[in-house]
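Enquirer: Plus 36 on top of the position in the first sequence (first one is 1) and you've got my numbering.
Glycine residues also receive a C-beta, built at the ideal position from the N, C-alpha and C atoms.
All values derive from a computational prediction rather than experimental measurement.
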Amino acid sequence: MPSLEAYVTCLAFEVGSGRIAGVANRHVHQQRSLPPLIAVVGPTAIGKTALGIHLARAFDGEILSADSRQFYRRMEIGTAKPTREEREQAPHHLIDVADPDETVGLAQFLRLARRTLQQITARGRLPLVVGGTGQYVRALLEGWQVPEVPPDPDLRARLEREAEGDPDAVWQRLVTLDPAVPDFIDPRNVRRVVRALEVSLKTGQPFSVLRRRTPPPYRILRIGLTMDREALYARADARVDAMIAAGLLDEVKDLLARGYGWELPALSGLGYAQFRPFFAGQASLTDVIERIKFDTHDFIRRQYTWFRLNDPAIRWCQADAPDLQPRATEAVRSHLGIPDTDLDSA
RNA sequence: GCCGAGAUAGCUCAGUUCGGUAGAGCAGUGGACUGAAAAUCCAUGUGUCCCGAGUUCAAUUCUCGGUCUCGGCA
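#1: Look at Thr199 and Val229 and say whether their C-beta atoms are less than 8 Å apart.
#2: Once the 5 residues before and after Val368 are set aside, which same chain residues still bring their CB inside 7 Å of it?
#3: Which same chain residues, not among the five before or five after Met263, have their C-beta less than 7 Å away from its C-beta?
#4: Check for me: the beta strand (DSSP E) holding Gln310 runs from which residue to which?
#5: With the cut-off set at 8 Å, would you say His128 and Pro118 are in Cβ contact?
#6: Closest to Pro186 by CA distance: which of Ile328, Arg93, Lys238 and Val211 is it?
#7: Starting from the C-beta of Asp359, find all residues in its chain whose C-beta is less than 8 Å away, skip the five residues before and the five after it, and write them out in chain order.
#8: Does the Cβ-Cβ distance between Arg110 and Asp290 come in under 8 Å?
#9: On the three-state DSSP scale, how would you describe Ile99?
#10: According to DSSP, simplified to helix, strand and coil, what is Leu300?
#11: Using the Cα positions of Pro223 and Gly240, report the straight-line distance between them to the nearest angstrom.
#12: Return the Cβ separation of Leu210 and Ala232 in integer angstroms, given the expectation that the two are a contact with Cβ distance under 8 Å.
#13: Which same chain residues, not among the five before or five after Glu313, have their C-beta less than 6 Å away from its C-beta?
#14: Which residues in the same chain as Asp269 place their Cβ atom closer than 6 Å to its Cβ, once the five residues preceding and following it in sequence are excluded?
#15: Here's a check: name, in chain order, each residue in its chain whose Cβ is nearer than 6 Å to the Cβ of Ala102, leaving out the five neighbours to either side.
#16: If distances are taken between C-alpha atoms only, which option among Ala158, Phe145, Pro183 and Pro189 comes closest to Leu177?
#17: In the DSSP assignment, find the unbroken alpha helix (DSSP H) run with Gln318 in it and report its ends.
#18: Considering just the uninterrupted stretch of the beta strand (DSSP E) at Gln171, what are its terminal residues?
#19: Which residues bound the beta strand (DSSP E) around Pro163?
#20: Buried or exposed for Asp323, going by 16 or more other Cβ atoms inside 10 Å?
#21: Could you spell out the range, first to last residue, of the alpha helix (DSSP H) harbouring Thr250?
#22: So is Arg105 buried or exposed if we call it buried at 16+ other beta carbons inside 10 Å?
#23: Rounding to the nearest angstrom, what Cα-Cα distance links Leu303 and Leu292 in this structure?
#24: Inspect the beta-carbon positions of Val226 and Pro203 and report whether they are closer than 8 Å.
#25: Compare the Cα-Cα distances from Ala364 to each of Ile89, Ile325 and Leu306 and report the closest residue.
#26: If you follow the alpha helix (DSSP H) that Ile280 is in, where does it begin and where does it stop?
#27: Would you mind stating whether Leu300 and Ile113 have Cβ atoms separated by less than 8 Å?
#28: So for Pro79, helix, strand or coil by DSSP?
#29: For Tyr108, which beta-bridge partners are listed by DSSP?
#30: Quick one: give me the first and last residue of the beta strand (DSSP E) that Arg351 is part of.
#31: Considering just the uninterrupted stretch of the alpha helix (DSSP H) at Ile156, what are its terminal residues?
#32: Within this structure, are the beta carbons of Leu306 and Ile280 separated by less than 8 Å?
#33: Residue range of the alpha helix (DSSP H) that Arg224 falls in?
#34: Please name the residue, chosen from Arg93, Ser244, Pro71 and Thr139, that lies closest to Ala158 on a Cα-to-Cα basis.
#35: Over what stretch of residues does the alpha helix (DSSP H) that includes Thr212 continue unbroken?
#36: Residues in its own chain within less than 7 Å of Glu122 by CB, not counting five upstream and five downstream?
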């Protein structure tokens with residue numbers, strides 16, 4: 037019953053918000069001086085884009101997309117990128133900032149996002165972080181300090197080859213350099229073992245001590261969108277069918293024709309990678325569609341581990357409630373400290 | 001109508017060779033995550049083994065009867 041629980045959380049927040057004024061005045065003043073930031077989070081296909089645009093229009097805001105796949109140009113349909121019409125309704129950032137053969141990782145995202153946030157705020161406009169890439173959103177809102185170690189493809193390839201032969205040796209090597217690593221990395225996850233080793237080798241410092249965070253200088257309101265799981269799956273499935281109808285296959289063909297390969301991170305995303313067996317003659321289009329749907333369900337489940345229904349920092353709202361927009365608008369208004377009358381007259 | 005094959009987890013099926021109440025893949029569910037993150041990795045399988053009767057200490061497994069499904073022939 038995640039939906040009901042979430043709904044209750046939502047109500048609890050409205051009721052409880054008055055309490056904040058009573059606590060530690062100095063702290064409140066300090067917080068008040070920080071510029072506001074709104075984040076709209078939640079699983080894929082739940083309606084974050086639409087709500088983001090609605091809020092941006094209502095509050096003179098600009099949208100910062102926290103979506104690891106919408107960075108890439110020529111990938112419109114499969115990434116469910118906001119359409120041209122949608123983007124005309126409010127300024128959008130961090131969409132179409134790279135070609136598919138480039139790799140925009142966490143660190144680049146954070147750099148771009150922090151700068152963009154600053155600029156939006158400097159313009160006197162309200163920044164809205166809208167996105168479903170859990171790691172990126174959390175990193176941005178929690179102020180993760182990512183170790184300054186760019187990926188080294190050669191080193192990674194070498195370590196991966198080594199791990200293929202003797203995974204334990206590679207793991208032991210990492211543990212020697214960083215004894216704390218078993219607390220947060222699974223030895224069987226070669227990808228993460230290799231990265232940790234990469235950082236430790238290049239910096240000479242344990243990976244674990246380089247993972248720091250400094251809270252960003254904003255007063256943040258997190259609005260979470262949720263919905264009954266089954267209904268959400270149905271909605272996501274329908275969106276996949278709509279993507280196919282909109283020409284997803286042609287979009288993939290076009291990317292391949294331009295020489296973009298399956299090994300690229302951009303092509304590893306939902307709605308793209310699943311076409312690989314199809315082009316290898318090993319799967320029908322029907323198989324591909326089903327695969328995309330199942331993988332999307334899996335993704336939704338994993339997104340909830342980044343955005344938890346019991347996270348008190350997130351104000352969860354039912355995405356399919358008829359009063360979602362007024363409710364969200366009210367939440368933002370109260371966060372900004374704007375009296376009702378100001379908005380009504382505007 | 002006849003002949004054959006089958007009926008086992010939500011789905012597709014394996015299996016019980018020599019009877020001791022069952023297991024894979026997919027689906028579903030939970031989790032990890034600090035420069036690939038829509039990636040990568042981990043954990044999680046009690047279901048009238050179609051129904052009835054018989055044999056037996058014991059049947060999902062053997063026997064008989066029935067029901068249904070799918071082929072083939074009429």
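Expert: Short version:
#1: According to the sequence as given, residue 199 is Ala; it is not Thr. Yes, these two residues count as a Cβ contact at 8 Å.
#2: Ile74, Leu91, Phe95 and Leu257
#3: Scanning its chain for C-beta atoms nearer than 7 Å, with the 5 sequence neighbours on each side dropped, one finds around Met263 the residues Ser39, Ile82, Gln354, Ala355 and Asp356, in chain order.
#4: Where Gln310 is concerned, there is no enclosing beta strand (DSSP E), given that its DSSP letter is neither H nor E.
#5: yes
#6: Just measuring C-alpha positions, the residue of Ile328, Arg93, Lys238 and Val211 sitting nearest Pro186 is Lys238.
#7: Within the same chain, and ignoring the five residues on either side of Asp359 in sequence, no residue has its Cβ closer than 8 Å to its Cβ.
#8: Yes, these two residues count as a Cβ contact at 8 Å.
#9: strand
#10: coil
#11: 21 Å
#12: 6 Å
#13: Looking at the sequence shown, residue 313 is not Glu but Pro. The residues are Ala319.
#14: Note that residue 269 is Tyr in the sequence shown, not Asp. Contacts found: His333.
#15: Val165, Gly167, Thr169, Tyr172 and Val173
#16: Measuring from the Cα of Leu177, the nearest candidate turns out to be Phe145.
#17: Note, Gln318: premise wrong, no alpha helix (DSSP H); not H, not E.
#18: Careful: Gln171 lies outside any beta strand (DSSP E), inside the alpha helix (DSSP H) at Gly170 to Glu178.
#19: Leu162 to Val166
#20: exposed
#21: Element bounds for Thr250: n/a, residue is neither H nor E.
#22: buried
#23: Answer to the nearest angstrom: the Cα atoms are 10 Å apart.
#24: yes
#25: Checked all of Ile89, Ile325 and Leu306; the closest Cα to Ala364 is Ile89.
#26: Looking at the DSSP string, the run of the alpha helix (DSSP H) that includes Ile280 is Arg265 to Ala281.
#27: No, the Cβ-Cβ distance between Leu300 and Ile113 is not below 8 Å.
#28: coil
#29: Looking at the DSSP output, Tyr108 bridges to Ala134.
#30: Ile350 to Gln354
#31: For Ile156, the enclosing alpha helix (DSSP H) begins and ends at Leu142 to Ala158.
#32: no
#33: First-last for Arg224: undefined, no H or E at that position.
#34: Pro71
#35: Pro203 to Leu213
#36: Taken in chain order, the residues that qualify are Thr85 and Ile89.
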